[in-house]
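Peer 1: Dropping a structure here in structure tokens format, bear with me for questions.
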Amino acid sequence: MEQNFERARTEGNLGGNLSPISSLQERLFRPDSIQRLNVKNPHEISHSYSAERYGPAGEPIEFDRVCGLLASLKSDVAAWYQHEYGKEFNPFHLGDQIQQVREKFYGDQRFANACALLHISADDYSKITLPWWSVKGVAEQAFDPKQVHVELVPRHSYETQLMRKGVDMPIKNVSVACLPVSMPDPDHPNGQVMIGLRAGASFAGTMHVFAGALQASPQLISGEKSIYDVFRETEFKNELCLEEGFIRDISLQSHLHETAIENGAYYVFQVQTSLTPAQLEQQWRDNPNKDRDEHAKPIFLDIDKSAISEFLAEHYRGLVADKPGRLASEQYLLHPAALALMALVDIPVEDVKGVVRPGVW
């Protein structure tokens, strides 16, 4: 396994001198980057929620008003798009019209008003590359791995996008992620884990786990539903189309803190299924929900430390740009996915730090 990482270090021309990128390594691999939990009962993860977040002057941020303004704007943009192009507005398939759609949002007073309520400067408008994505979510204020307890506060998806562009925020984005695992067979005694090649308008052409922002439903906020419950309703069901009869076991595998894309926390659930890789892929392809369009195709990896380390050595670089038109040779693995795979097969951080390449790929 170490030979895989040594080859990647050599190909990256890093040799034994890591000093030019040591600060990048430290940014990507913090002491809390990977917290392996392996909680067999995922219901054990608990949370508390503080309903208010305050702006710089101490005033409450009006998240519901922000969402109302942007819902009205999105409806009008969708009607314009239907009239202009004769087809339904689908943010995952905007093609050459994507910048024109963005400008329709940026130039509207409702967009400006919503940003003002969120204390977002006009200088940062262009960093909101998915202006149609407007949801009230939650952010992590603190996490206790011993008690498996999370302290949550509100956040808006525009704040999520700004954090992804490097804008400092006093919160961590919160995502839930799924690692679906196929049933073992003679060729794959531990099964295979499914990840995806991304599509749509965000990091298209890169590889990632199946993940999404934690939605702040009334049931989550009240405590009626847990983070695990929301995970099952979103990533588990809407994106992967997995049904109860296909599931053998679910565990809370890890808590990740990633700083390559955003200042974000990931709660990663490992889902052991009774399906073959072909059946898992067919479930994904048959999914009628639009969430399926976040990925272009699934990718299956053996759950084996040597196989995963070889995959990381070949496809992981460190920082990856969000850019259109990626070539097949540029289909790199996003950093949070690398952390999740490392946690899955217990690959030490020190084994991977040395393969981080300088620059943005």
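Residues 1244 to 1604 (the working numbering) make up the sequence shown, in order.
Note that beta-carbon positions come from the ideal geometry of N, C-alpha and C, so glycine has one too.
Any chance the stretch 1365-1385 sits against the stretch 1419-1432, with 3 or more Cβ pairs inside 8 Å?
Peer 2: Touching, no, given that fewer than three Cβ pairs across the two stretches are closer than 8 Å.
Peer 1: Determine, using beta carbons only, whether residue 1447 and residue 1567 come nearer to each other than 8 Å.
Peer 2: Cβ distance < 8 Å, so residue 1447 and residue 1567 count as in contact.
Peer 1: Do you know offhand how far residue 1551's Cα is from residue 1583's?
Peer 2: The straight-line gap from Cα to Cα measures roughly 11 Å.
Peer 1: With 16 as the cutoff for other CB atoms within 10 Å, does residue 1591 come out buried or exposed?
Peer 2: Exposed is the call here.
Peer 1: Could you please give me the residues that DSSP links to residue 1373 through a beta bridge?
Peer 2: The partner list for residue 1373 (beta bridge, DSSP) is empty, contrary to what the question assumes.
Peer 1: With a threshold of 8 Å on Cβ separation, who are the neighbours of residue 1391 within its own chain once the five nearest residues in sequence on each side are excluded?
Peer 2: For residue 1391, where only same-chain residues beyond five positions count, the Cβ hits under 8 Å are 1280, 1282, 1287, 1288, 1289 and 1495.
Peer 1: Tell me the rounded alpha-carbon separation between residue 1359 and residue 1375.
Peer 2: So the two alpha carbons sit approximately 17 Å from each other.
Peer 1: Are the beta-carbon atoms of residue 1457 and residue 1450 separated by less than 8 Å?
Peer 2: No, the pair does not count as a contact, with Cβ atoms beyond the cut-off.
Peer 1: Would residue 1556 pass as a contact of residue 1598 if the rule is Cβ separation under 8 Å?
Peer 2: In contact: residue 1556 and residue 1598 (Cβ atoms closer than 8 Å).
Peer 1: Please name the residue, chosen from 1320, 1305, 1436 and 1336, that lies closest to residue 1521 on a Cα-to-Cα basis.
Peer 2: The option with the nearest alpha carbon to residue 1521 is 1436.
Peer 1: Please report how far the alpha carbon of residue 1410 lies from the alpha carbon of residue 1486, in whole angstroms.
Peer 2: Straight-line Cα distance between these residues: approximately 39 Å.
Peer 1: Answer yes or no: do residue 1378 and residue 1347 have a C-beta to C-beta separation smaller than 8 Å?
Peer 2: The answer is no: Cβ separation not under 8 Å.
Peer 1: Residue 1461: buried (16+ other C-beta within 10 angstroms of its C-beta) or exposed?
Peer 2: It counts as exposed.
Peer 1: Assign residue 1537 to one of two classes, buried (16 or more other C-beta atoms within 10 Å of its C-beta) or exposed (fewer than that).
Peer 2: Buried.
Peer 1: Alpha carbon to alpha carbon, what distance is there between residue 1580 and residue 1516?
Peer 2: Residue 1516 and residue 1580: Cα-Cα distance of roughly 20 Å.
Peer 1: So residue 1396 and residue 1296 are supposed to be a Cβ contact under 8 Å. How far apart are they, rounded?
Peer 2: Indeed, because the Cβ distance is near 5 Å, the residues count as touching under 8 Å.
Peer 1: Excluding the 5 residues preceding and the 5 following residue 1445 in the sequence, name in chain order all residues of the same chain whose CB lies nearer than 7 Å to its CB.
Peer 2: Around residue 1445: 1373 and 1565.
Peer 1: Under three-state DSSP, which class holds residue 1542?
Peer 2: It is a strand residue.
Peer 1: Measuring CB to CB, does residue 1509 end up less than 8 Å from residue 1459?
Peer 2: Not closer than 8 Å, so no.
Peer 1: How many Å lie between residue 1406 and residue 1364 at the Cα?
Peer 2: One C-alpha to the other measures close to 14 Å.
Peer 1: Which residues bound the alpha helix (DSSP H) around residue 1213?
Peer 2: The structure shown does not extend to residue 1213, since the chain is modelled only from 1244 through 1604, so no value can be given for it.
Peer 1: Under a three-way DSSP split, which group does residue 1428 fall into?
Peer 2: Three-state DSSP puts residue 1428 in a strand.
Peer 1: Given that a residue counts as buried once 16 or more other Cβ atoms are within 10 Å of its Cβ, and exposed if not, what is residue 1276?
Peer 2: When all chains shown are included, residue 1276 counts as buried.
Peer 1: Pop quiz: residue 1547 and residue 1588 are said to be a contact at Cβ under 8 Å. What is the actual Cβ separation, rounded to whole angstroms?
Peer 2: Indeed, because the Cβ distance is near 7 Å, the residues count as touching under 8 Å.
Peer 1: Whole alpha helix (DSSP H) runs in the stretch 1276-1350 with 4 or more residues, listed along the chain?
Peer 2: Counting only runs of 4 or more, we get 1306-1328 and 1341-1349.
Peer 1: Tell me which residues share the same chain as residue 1491 and place their Cβ nearer than 6 Å to its Cβ, disregarding the 5 neighbours each side in the sequence.
Peer 2: Around residue 1491: 1515 and 1517.
Peer 1: Apply the 10 Å Cβ neighbour rule to residue 1432 and answer buried if 16 or more other Cβ atoms are within range, or exposed otherwise.
Peer 2: Result: exposed.
Peer 1: Which of the three DSSP states, helix, strand or coil, is assigned to residue 1484?
Peer 2: In the structure shown, residue 1484 sits in coil (DSSP, three-state: anything other than H, G, I, E or B).
Peer 1: Taking 8 Å as the threshold (C-beta atoms), are residue 1561 and residue 1271 in contact?
Peer 2: Going by C-beta atoms, residue 1271 is nearer than 8 Å to residue 1561.
Peer 1: To which residues does DSSP link residue 1438 through a beta bridge?
Peer 2: DSSP output for residue 1438 lists 1542 as bridge partner(s).
Peer 1: Could you compute how far the alpha carbon of residue 1393 sits from the alpha carbon of residue 1291?
Peer 2: Their Cα atoms are separated by approximately 6 Å.
Peer 1: On the three-state DSSP scale, how would you describe residue 1605?
Peer 2: Outside the modelled stretch of the chain, which goes from 1244 to 1604, sits residue 1605, for which no answer is possible.
Peer 1: Let me know the secondary structure DSSP gives residue 1548 once reduced to three states.
Peer 2: DSSP places residue 1548 in helix when its eight states are reduced to three.
Peer 1: Could you tell me the distance, in whole angstroms, from the CA atom of residue 1362 to the CA atom of residue 1398?
Peer 2: Spanning the two alpha carbons is a distance of roughly 12 Å.
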